[in-house]
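Enquirer: Okay, handing you the structure first.
Residue numbers (this note's numbering): 1116 to 1231.
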């Protein structure tokens, strides 16, 4: 396991120096067509601290955290001298939105019948 100094250097490198490789994947070439995958990358972090003594007279407090997420958003397709962006379809997100819409419509229709 890396020591605290190494972990700190890695964390600062991620936060302070985002690299194109975090957003763009390796290009794939086949039959003269280049596909360049693209992702949405988000980083976030937090910290903490402390002050004052506990009733026993000892200092207290600390905290910290860091998180990163990435999701595919599509790909650039480069062929015959032109490029186009092809968005990725997130079926899970579509299913959740469709389910929420269906439930909302059902609730509205039920309320409308109860009032009328």
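Quick reminder that beta carbons are idealized off the backbone N, C-alpha and C, glycines included.
The alpha helix (DSSP H) that contains residue 1199, what's its start and end?
Expert: Element bounds for residue 1199: not the alpha helix (DSSP H) but the beta strand (DSSP E), 1197-1202.
Enquirer: Would you report the Cα separation of residue 1185 and residue 1151, rounded to the nearest angstrom?
Expert: Rounded to whole angstroms, residue 1185 to residue 1151 spans 16 Å at the Cα level.
Enquirer: Let me check understanding here. Comparing Cα to Cα, which of 1173, 1174, 1190 lies closest to residue 1198?
Expert: Taking only the C-alpha atoms, the option nearest residue 1198 is 1190.
Enquirer: Do residue 1138 and residue 1148 have their beta-carbon atoms positioned less than 8 Å apart in this structure?
Expert: Contact flag unset, no.
Enquirer: Quick check on this structure: which residue in 1163, 1195, 1159 has the alpha carbon closest to the alpha carbon of residue 1181?
Expert: Nearest option by C-alpha distance: 1159.
Enquirer: First and last residue of the alpha helix (DSSP H) that includes residue 1210?
Expert: Per DSSP, residue 1210 belongs to the alpha helix (DSSP H) from 1206-1230.
Enquirer: Who pairs with residue 1139 in a beta bridge, going by DSSP?
Expert: In DSSP, residue 1139 forms a bridge with 1153.
Enquirer: Smallest Cα separation from residue 1187: which of 1193, 1200, 1179, 1175?
Expert: Of 1193, 1200, 1179, 1175, the residue nearest in Cα terms is 1200.
Enquirer: Would you give the residue range spanned by the beta strand (DSSP E) that residue 1183 belongs to?
Expert: Looking at the DSSP string, the run of the beta strand (DSSP E) that includes residue 1183 is 1179-1194.
Enquirer: So residue 1163 and residue 1140 are in contact, right, with Cβ under 8 Å, and what is the actual spacing, rounded?
Expert: That belief does not hold up - the Cβ atoms of residue 1163 and residue 1140 are roughly 35 Å apart, past 8 Å.
Enquirer: When you compare each of 1212, 1204, 1183, 1213 to residue 1157 by their alpha carbons, which one comes out closest?
Expert: Closest option to residue 1157, Cα to Cα, is 1183.
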